[in-house]
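To start, the structure under review is shown below, and the notes come after it.
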Amino acid sequence: MINSPAELEHLRQEILSRRDPDKARISVCAGAGCLATGAGKVIAAFDAELEKQGLKGEVHVKSTGCPGFCERGPVVVIDPEETCYLQVTPKDVPAIVSKTIKEKKVIDRLLYADATTKEKVVRESDIPFYKHQERNIIGNNIKIDPKCIDDYLALGGYSALAKVLFQMTSGQVVEEVKKSKLRGRGGGGFPTGIKWEAARNAPGDAKYVIVNADEGDPGAFMDRAVLEGNPHSILEGLIIGAYAIGAHEGYVYVRQEYPLALENVSIAIRQAEEYGILGSNILGSGFDFTVTVHRGAGAFVCGEETALLLSLEGRPGEPRSRPPYPATKGLWGKPTNINNVETWANVPLIINKGADWFTQFGTERSKGTKIFSLVGKIKNTGLVEVPMGVTLRDIIYKIGDGIPGGKKFKAVQTGGPAGGCIPEEHLDIAVDFDELTKAGAMMGSGGMIVMDEDTCMVDVARYFLNFLAQESCGKCSPCREGVKQMHRILADITEGRGKEGDIELLEDLAMSTGSASLCALGRSAPNPVLSTIRHFRHEYEAHIREKRCPSFSCKELLSYYIDPEACGACLLCLKRCTSEAISGGRDQIHVIDQAKCNKCGTCFDICPARYGAVMRLSAEPVPGPIPEELRIVVKRKEAKKEAQREAT
Amino acid sequence: MSEVSLQIDGKAVTAREDMTLLEAARSAGVSIPTVCHHEKLEPFGGCRLCMVEVESGGRTNLVAACTYPVQKDLAVRTRSEQIDKIRKVLTEQLLAYAPESEVLQKLAREYRADKDRFPKEASFCILCGLCVRYCAEIKQKNAVGFVDRGPSREISFVPEVAARECWDCKECFPLCPTSALQAAFVLTRSLTSDNSVEVRK
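One line per chain: the protein sequences are D and L, in this order. Following numbering that gives the first Met the number 0, the numbering of the first sequence begins with 0 at its first residue and continues without gaps. Following numbering that gives the first Met the number 0, the numbering of the second sequence begins with 0 at its first residue and continues without gaps.
Here you go:
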C-alpha cells in the first residue's frame with residue numbers, strides 16, 4: 000500500500016533501479032490486431048529461443064499494447080536501439096536473438112522499406128507512418144505491458160493523480176481541464192471541463208463517473224487499443240475526474256466484444272487496488288474511490304450516454320430526452336459524468352504537463368491530438384494519432400501512404416456510420432471538430448474509412464443506413480421509420496429499381512429524421528445519405544436514370560463478359576469461377592453463362608493483363624455467346640509452328 | 000412551486016416551472032399534435048409529432064414539446080414551414096402501418112400528408128407504446144412490452160402475465176391510436192397455444 004506521494008516516487012525509483020536502460024529488451028505488440036496475425040506465437044518463440052541461447056533472465060520479452068501499425072504486424076521493437084521489425088514470424092526469432100540481441104546487428108529484411116526509394120528504416124520513430132504523427136497518448140503503448148502496473152509507474156504513471164490529490168483543490172482541477180479546452184473524443188466534442196463543472200456544481204452527495212468504452216463504429220478501434228494497451232492511463236484520468244467532481248464510485252462500460260480490453264482493464268483495477276491507488280484513502284490522501292467494470296451486451300446505441308446509463312441500471316438501453324442532462328440527473332438519478340476512453344486518457348497529460356502544453360497542439364477551437372483508425376483502401380492500415388488541424392491529405396498520403404493497387408482515391412468517410420463522405424477536392428481541409436462538420440462529415444469517435452474508385456457511393460450510403468437501421472433502438476419514429484425508409488430507397492437504387500423523385504424523397508426523410516429524432520444516432524443518421532448526394536449526385540443519377548453503376552460495384556447493375564477476341568483460353572478464370580458459370584477449355588474461348596454468374600468478380604481480377612479479356616458492363620447489353628464452332632483459339636506460338644511446318 | 004413566463008407563438012404564457020412545453024401550451028389553449036402522449040403517463044418522446052422550435056440566447060433548436068421543460072424567457076414556435084414538413088413526413092411514415100387510423104387521418108388532413116407515400120405494412124401498430132407504458136406505470140403489471148429493436152421492434156404480451164391479468168382489464172385497448180383491435184389481436188395471438196406462428200409475416 001502506497002501512503003503518500005513520496006512513497007509513490009520511492010516505488011518508482013525502486014522499479015527503475017531494477018531496470019538497466021542499456022540492457023536489451025524485446026517488446027512485441029500483443030494488441031488484438033497483432034495477436035490475430037500471430038504475435039502470441041512470436042512471443043512464445045522469443046521465450047524459447049532466449050532460453051536456448053542462454054539469455055533467459057538477461058533479456059526481457061514484453062507483451063505490449065498496440066503501437067498502431069497494424070498493417071505490418073506483428074510489430075517487434077528492440078530497445079535500447081529502438082530497432083523496429085515488422086511482420087515478424089516465429090521463424091525470424093532465432094536470427095533476431097543471435098544477430099540483433101547478441102551481435103547488435105540489424106536484420107535488413109525485417110525492417111521497414113520505403114516503397115519508392117527502397118531505403119530501409121531502422122528506428123521505429125523514423126518510419127514515415129510514425130514520423131508524421133504526434134503520439135501523446137498511443138506512443139506509450141509499445142513501452143508498457145498493460146498487465147503490469149510497474150511499467151506504467153516507471154513512466155511516471157499516477158504522478159498526475161498524486162499532484163491532484165495533494166496539491167490541487169477540486170476546483171483547480173476543473174479549471175485546468177477547462178483551460179486546456181479539451182473536447183469530448185467520443186463524437187460530441189462537448190468541452191470536457193464544462194461538463195465536469197456542471198457535475199461538480201450539481202447538488203447531491205452521491206455522484207458517479209463513467210468511462211464510455213462502448214466503441215461500436217464499424218472499422219474503429221482506437222479506444223480498444225488504449226484500453227487494451229494502457230488501461231492505467233484511463234484509470235488515472237478517471238480518478239482525477241472523480242476527485243474533481245466529488246464522485247466516489249465509477250464504472251468502465253466496455254462492450255463485451257472486447258475481451259482483451261475487459262481483461263486488461265480488470266487486471267489494472269486489481270493492481271491499482273493492491274497499491275492503494277484505488278479504494279479507500281487513496282495514496283494516503285483521504286479520498287475514496289472504487290471502479291467497477293460493466294460489460295455492454297452488444298447494442299451500438301448504448302454508446303449514447305443516456306442509453307448507456309439505462310443499460311448500466313439493468314434496463315433496456317434506449318436513449319431518453321435531455322435535459323435533464325446526466326450532469327444533474329444521471330445514473331440512478333444522481334449527477335454523473337461520462338467521458339470517452341480517449342478523453343479520460345488525455346487528463347493525466349493535461350494535469351502533469353499543464354493546459355498550456357496541451358493547447359499548443361491543434362487548432363483554435365479543437366485542441367490536442369486525436370487518434371484515428373485509418374482503414375479501408377489504404378496502404379498503411381492502423382491507428383494514427385495526429386494533432387488536430389492536419390489535413391486529410393497528410394493523413395491519407397503521408398501517414399497512410401496512399402491507395403494500394405494503383406487505384407484512384409474517391410472519398411474518405413469520417414465519423415463512423417453516421418459520418419459523411421469527403422471527396423478529393425476537400426482533402427486539404429484541416430481535420431478538427433468544426434471543419435469536418437462543415438464539409439458534411441463529422442469527427443465522431445475517429446473512424447476514417449478510405450475508398451477508392453471501385454467503391455460505389457450509393458452502395459456505401461446503403462451499407463451504413465442498413466447498419467443504423469439495425470442498431471436504431473426503435474423508440475422514436477423519425478429514426479426507426481426514417482432510417483428504415485432511407486435504407487429501402489437506397490437498396491432500390493443500388494438494385495436497379497430507383498426512380499425519379501427518389502433523391503428528393505431521401506432529402507425529405509433526411510430532414511425529418513435528422514431534425515426530429517430523439518438522440519444523436521437518428522440525428523446524424525442522414526449524414527451518409529446527404530454527404531454522398533452532395534458530393535456524388537451524379538452516381539445517384541446514373542443508377543436511377545441509366546440503371547448504371549459507374550463504379551461497377553452494384554451487382555444487380557453489373558455483368559461480366561469475356562471478349563472472345565481477347566480471350567487466351569488460359570483456363571484461369573474457368574478454374575477459379577465460384578459459380579461454375581464459365582465454359583470452355585484448352586484452346587477454346589471461355590464464355591460466361593450470365594444466368595449462372597454470381598458476379599463475384601474473380602474472373603475480372605484474375606484474367607492476366609496480357610489478355611485483359613474479362614470486361615465489366617453496366618447499363619450495356621451483354622453480347623450473346625459466340626457459336627460453339629467459332630470458339631477455337633489458335634495460340635500464336637502454335638500458329639507460327641503450323642506456318643513453319645507448312646513452309647517446309 | 001414558482002412560475003416562469005415564456006412566449007408561445009407570440010403569446011405571453013405563465014407556467015409552473017415543472018411543466019413541459021406541451022403542458023404549458025395546452026394550458027394556454029395552444030394546440031400541439033401528439034400521438035404517444037398521455038396525461039397520466041410519464042413523457043416518452045417517441046412519436047415526435049410535437050416537435051416545436053425554441054429560441055433561447057439567439058439559438059434556435061427543434062425539441063419535443065412533450066419532454067422539454069419550460070424555461071424562463073423561452074420563445075416557442077409551434078408551427079413553421081419546417082415543423083409542418085416534419086409532421087407531414089412523420090404522419091406519412093405512420094400511415095403506412097395504419098392507413099385507417101382516425102388519429103392519423105386527422106393529422107394527414109392538417110399537414111397534407113399522403114397516406115400512400117410509403118409502401119404499406121399493415122401491422123396496425125405504430126409503436127407509440129401507450130399500452131406498454133400504461134400497463135407498466137398505471138397498472139404496474141408489465142403484461143405487455145416491446146420486443147427487439149429498430150425495424151424489428153414490436154409489442155408483445157407476456158403470456159404468463161397476460162393470461163392472469165388481461166381479460167379482466169383491457170384498459171389499454173381504448174388507448175390505442177390506430178385501432179383497439181390491434182391490442183386485442185396481439186393479445187389473442189400471444190395467448191394462443193401455438194404462438195410460434197408468425198401471423199403478421
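For every residue, glycine included, the Cβ atom is placed at its ideal position computed from N, Cα and C. Please read all numbers here as calculations on a predicted model, not as lab measurements.
Going along the chain, which residues of its own chain have a beta-carbon closer than 6 Å to the beta-carbon of residue i, five neighbours each way excluded?
{"i": "D:Pro525", "result": "Ala509, Thr512 and Gly513"}
{"i": "L:Ala135", "result": "Asn141"}
{"i": "D:Pro318", "result": "Glu303, Thr305, Ala306, Leu517 and Cys518"}
{"i": "D:Leu529", "result": "Ala509"}
{"i": "D:Ala31", "result": "Leu259"}
{"i": "D:Ser265", "result": "Val292"}
{"i": "D:Ile616", "result": "Correcting the residue type first, residue 616 of chain D is Leu in the shown sequence and not Ile. For D:Leu616, where only same-chain residues beyond five positions count, the Cβ hits under 6 Å are Ser558 and Tyr560."}
Residues in its own chain within less than 8 Å of residue i by CB, not counting five upstream and five downstream?
{"i": "L:Asn194", "result": "Low local confidence applies: a pLDDT of 49 at L:Asn194 is under 50, so the model's placement there is unreliable, with the coordinate-based value given in what follows. Counting only Cβ-Cβ distances below 8 Å, and skipping sequence neighbours, we find Pro158 and Arg188."}
{"i": "L:Glu2", "result": "Thr13, Ala14, Arg15 and Glu16"}
{"i": "L:Gln92", "result": "Phe117"}
{"i": "D:Pro607", "result": "Gly567, Cys569 and Leu571"}
{"i": "L:Lys200", "result": "Bear in mind that a pLDDT of 35 at L:Lys200, under 50, signals an unreliable position, so the model cannot answer this."}
{"i": "L:Arg78", "result": "Asp8"}
{"i": "L:His37", "result": "Leu129, Arg132, Tyr133 and Leu174"}
{"i": "D:Leu373", "result": "Asn379, Thr380, Gly381, Leu382, Val383, Ile394, Ile395, Ile398, Gly399, Met447 and Val449"}
{"i": "L:Cys124", "result": "Tyr96, Ala97, Glu153, Ile154, Thr177, Gln181 and Val185"}
Can you pull the chain L residues whose beta carbon is under 7 Å from the beta carbon of residue i, in chain order?
{"i": "D:Lys474", "result": "Gly45"}
{"i": "D:Pro477", "result": "Arg47 and Leu89"}
{"i": "D:Glu480", "result": "Gln92"}
Applying a beta-carbon distance threshold of less than 7 Å, which residues of chain D neighbour residue i?
{"i": "L:Pro221", "result": "Past the boundaries of the shown model lies residue 221 of chain L; chain L is included only from 0 to 200, so the question cannot be answered."}
{"i": "L:Val88", "result": "Asp507, Leu508 and Ser511"}
Counting only the same chain and skipping the five closest in sequence on each side, list residues whose C-beta sits under 7 Å from that of residue i.
{"i": "D:Pro89", "result": "Lys40, Val41 and Ala44"}
{"i": "L:Leu61", "result": "Met50 and Glu52"}
{"i": "D:Lys546", "result": "Gly495, Leu556 and Ala618"}
{"i": "D:Val392", "result": "According to the sequence provided, residue 392 of chain D is Arg. The question's Val does not apply to it. Within the same chain, D:Arg392 has close Cβ partners Leu426 and Asp427."}
{"i": "D:Arg199", "result": "Ser169, Val173, Ala243, Ile244 and Gly245"}
{"i": "D:Asp423", "result": "In the sequence as presented, Asp is not what sits at residue 423 of chain D; that position holds Glu. Excluding positions up to five away in sequence, the list reads Phe408."}
Would you mind telling me which residues of chain D sit closer than 8 Å to residue i, beta carbon to beta carbon, in chain order?
{"i": "L:Lys201", "result": "Since the first residue shown for chain L is 0 and the last is 200, residue 201 of chain L is missing from the structure and cannot be characterised."}
{"i": "L:Lys84", "result": "Asp507, Met510 and Ser511"}
Please list the partners that residue i has in chain D, where partner means a Cβ-to-Cβ separation under 9 Å.
{"i": "L:Pro150", "result": "Ala468, Gln469, Ser471, Gly473, Arg479, Glu480, Val482, Lys483 and His486"}
{"i": "L:Ala63", "result": "Ser320, Cys475, Ala515 and Leu517"}
Check your understanding: Between the segment 159-169 of chain D and the segment 293-303 of chain D, do three or more beta carbon pairs fall short of 8 Å?
Key -> The segment 159-169 of chain D vs the segment 293-303 of chain D: no contact.
Review point. If you measure beta-carbon to beta-carbon, which residues of the segment 33-56 of chain L are closer than 9 Å to chain D?
Key: Flagged, chain order: Val34, Cys35, Pro42, Phe43, Gly44, Gly45, Cys46, Arg47, Leu48 and Met50.
Review point. For the segment 118-137 of chain L, which residues have a beta carbon sitting closer than 9 Å to at least one beta carbon of chain D?
Key: Taking a C-beta cut-off of 9 Å against chain D, the contacting residues of the segment 118-137 of chain L are Pro118, Ile125, Leu126, Cys127 and Gly128, listed in chain order.
Check your understanding: On the three-pair Cβ rule with 8 Å, is the segment 44-64 of chain D touching the segment 103-118 of chain D?
Key -> Fewer than three beta-carbon pairs drawn from the segment 44-64 of chain D and the segment 103-118 of chain D are found closer than 8 Å, and the two stretches are therefore not classed as touching.
Practice item. Pair every Cβ in the segment 458-471 of chain D with every Cβ in the segment 21-37 of chain L, then say whether three or more of these pairs are closer than 8 Å. Key: With the cut-off at 8 Å, the segment 458-471 of chain D and the segment 21-37 of chain L do not touch.
Review point. What are the uninterrupted segments assigned as alpha helix (DSSP H) that are 4 or more residues long and contained completely in the segment 21-103 of chain D, given in chain order?
Key: Taking only runs of at least 4 residues, the alpha helix (DSSP H) segments lying wholly in the segment 21-103 of chain D are 31-35 and 38-51.
Check your understanding: Quick one: any contact between the segment 335-350 of chain D and the segment 182-200 of chain D, if contact means 3 or more CB pairs under 8 Å?
Key -> Contact between the segment 335-350 of chain D and the segment 182-200 of chain D is present, because at least three Cβ pairs lie under 8 Å.
Point to revise | Residues in the segment 96-115 of chain L having any Cβ partner in chain D nearer than 7 Å | key: Answer set for the segment 96-115 of chain L: empty.
Exercise for review: With 7 Å as the limit, tell me which residues of the segment 151-171 of chain L have their beta carbon closer than that to any beta carbon of chain D; keep them in chain order.
Suggested key: If the cut-off is 7 Å between Cβ atoms, the segment 151-171 of chain L has Arg152 near chain D.
Check your understanding: Below 8 Å, can you find three or more Cβ-Cβ pairs linking the segment 0-14 of chain D to the segment 269-282 of chain D?
Key -> Contact between the segment 0-14 of chain D and the segment 269-282 of chain D is present, because at least three Cβ pairs lie under 8 Å.
Review point. Considering only residues of the segment 323-350 of chain D, which uninterrupted beta strand (DSSP E) runs meet the minimum length of 3 residues and lie entirely inside it, listed in chain order?
Key: The DSSP assignment places complete beta strand (DSSP E) segments of no fewer than 3 residues inside the segment 323-350 of chain D at 335-339, in order along the chain.
Review point. Taking the runs of the beta strand (DSSP E) that are 3 residues or longer, which of them lie wholly in the segment 111-160 of chain L?
Key: Whole beta strand (DSSP E) segments, 3+ residues: 143-146 and 153-156.
Check your understanding: Is the segment 212-232 of chain D touching the segment 188-202 of chain D, taking contact as three or more C-beta pairs under 8 Å?
Key -> Counting Cβ pairs under 8 Å, fewer than three are found: no touch.
Check your understanding: Would you say the segment 473-486 of chain D touches the segment 36-51 of chain L, given that touching needs at least three Cβ pairs under 8 Å?
Key -> Output reads yes: the segment 36-51 of chain L touches the segment 473-486 of chain D.
Exercise for review: Taking only runs that begin and end inside the segment 581-614 of chain D, name each unbroken alpha helix (DSSP H) of 4 or more residues, in chain order.
Suggested key: Qualifying alpha helix (DSSP H) stretches, in chain order: 601-605.
Check your understanding: Does the count of Cβ pairs from the segment 84-102 of chain L and the segment 62-69 of chain L closer than 8 Å reach three?
Key -> For the pair of segments examined, the segment 84-102 of chain L was found not to touch the segment 62-69 of chain L: the number of CB pairs separated by less than 8 Å stays below three.
Practice item. Could you name each continuous beta strand (DSSP E) segment of 3 residues or more that falls completely within the segment 26-111 of chain L, going from the start of the chain to the end? Key: DSSP assignment within the segment 26-111 of chain L yields the following whole beta strand (DSSP E) runs of 3 residues or more, N-terminal first: 50-55, 58-63 and 74-76.
Exercise for review: Evaluate the contact criterion for the segment 587-603 of chain D versus the segment 520-535 of chain D: three or more CB pairs, one atom per stretch, below 8 Å.
Suggested key: No: fewer than three Cβ pairs fall under 8 Å.
Exercise for review: Please go through the segment 212-259 of chain D and give each complete beta strand (DSSP E) segment of 3 or more residues, from N-terminal end onward.
Suggested key: The qualifying runs are 248-254.
Review point. Would you say the segment 3-16 of chain D touches the segment 146-156 of chain D, given that touching needs at least three Cβ pairs under 8 Å?
Key: Output reads yes: the segment 146-156 of chain D touches the segment 3-16 of chain D.
Check your understanding: Are there three or more Cβ pairs, one per stretch, closer than 8 Å when the segment 20-30 of chain D is compared with the segment 66-76 of chain D?
Key -> Counting Cβ pairs under 8 Å, three or more are found: they touch.
Exercise for review: Would you be able to state if there are at least three C-beta pairs under 8 Å between the segment 194-201 of chain D and the segment 344-356 of chain D?
Suggested key: Because the criterion of three Cβ pairs below 8 Å is not met, the segment 344-356 of chain D and the segment 194-201 of chain D do not touch.
Check your understanding: Taking three-plus beta-carbon pairs below 8 Å as touching, is the segment 210-224 of chain D in contact with the segment 115-133 of chain D?
Key -> Because the criterion of three Cβ pairs below 8 Å is not met, the segment 210-224 of chain D and the segment 115-133 of chain D do not touch.
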